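Notes for the one structure printed next.
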Amino acid sequence: MKRLWGSVIGLFIIFLFQNCSPMHEGLQSQGLGSSAEATLQSASIFESTLHPILQNNCAQCHGVSQIPRFAVADPLASHDALFQYGLVDLTTPSNSRLVSKIAQGHQGFSSSLSTQIETAIQAWADGLLAANPGSGLGGLPPTPVLEATFSSIHSLILVPKCVGCHSPTGTRRSEDYSDYQSTLQTGKIVPGNANGSEAYQECVSGSMPEGAPRLSDQELAVLKDWINAGALNN
-8 MKRLWGSVIG LFIIFLFQNC SPMHEGLQSQ GLGSSAEATL QSASIFESTL HPILQNNCAQ
52 CHGVSQIPRF AVADPLASHD ALFQYGLVDL TTPSNSRLVS KIAQGHQGFS SSLSTQIETA
112 IQAWADGLLA ANPGSGLGGL PPTPVLEATF SSIHSLILVP KCVGCHSPTG TRRSEDYSDY
172 QSTLQTGKIV PGNANGSEAY QECVSGSMPE GAPRLSDQEL AVLKDWINAG ALNN
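What follows is the structure, given as structure tokens:
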């Protein structure tokens, strides 16, 4: 009799676990769905605010071959690229990399375009807040955090600040930073020795990025740490 009850209890526990798994999967799917829904909603508002400006002013380069490709015709792809490369700040639009880059005279654009872009980013943020009262800007891709890895440095420093010139289609194509292999092949990165790396020293001195503000102390520290750790493809 004891064995029978033991078997019954065992089967009951197995039944509970089998029926518990789909429940957890459902909760996980709901979480992913909410995030995806927020992204699609954001992309829809972006399509009517900032995307037309990017198409009219940036697509000739950044919609075709110039990295980062944040001005492609597909609004969702354009939207996601802006977050991937840390080019917009919906919380404080004036801090957006797009705004400061244009304000510095990128490609000879007037300062009025910088103001126009900032206004569009603000309208984008306002649209999201109006559509989601009381929920803030949650659910959107988080602002990327700079880390001492190549993938992070490439997305947040090299692509937005260097690859415009240092690429196969740029003015300094012999020093190509468009991917890991080409970056190491420049000879300007000495794995394990940041102080002996020409690329790092150029950034410390402020001679690079050319025609742009010197890298921040945080950016320099992360770049130095990555090189000193072996300049790995991580």
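Quick note: the sequence shown uses this note's numbering, first residue -8, plus one each step. Glycine included, C-beta positions come from ideal geometry on N, C-alpha and C. Here the structure is a predicted model, which means the values were calculated and not measured.
Here residue 207 is exposed: its Cβ has fewer than 16 other Cβ atoms, across all protein chains shown, within 10 Å.
Collapsing the DSSP output to three states places residue 40 in a helix. Cβ-Cβ distances below 7 angstroms link residue 111 to 40, 41 and 44 in the same chain, with the five nearest sequence neighbours on each side left out; the list follows chain order. A straight-line Cα-Cα distance of about 11 angstroms links residue 191 and residue 219. In this structure residue 72 touches residue 60 by the C-beta definition: roughly 6 angstroms separates them, less than 8 angstroms. The distance from the Cβ of residue 213 to that of residue 137 is about 5 angstroms, consistent with a contact at the 8 angstroms cut-off. For residue 219, the uninterrupted alpha helix (DSSP H) run begins and ends at 208 to 219, by DSSP. In the three-state scheme derived from DSSP, where H, G and I count as helix and E and B as strand, residue 164 is classed as coil. Setting aside the 5 residues that flank it on each side, residue 225 is surrounded in the same chain by 140, 141 and 142, each with a C-beta closer than 8 angstroms to its C-beta; the list follows chain order. Boundaries of the alpha helix (DSSP H) around residue 93: 88 to 94. Counting the other Cβ atoms within 10 Å of the Cβ of residue 33 gives 16 or more, which makes it buried.
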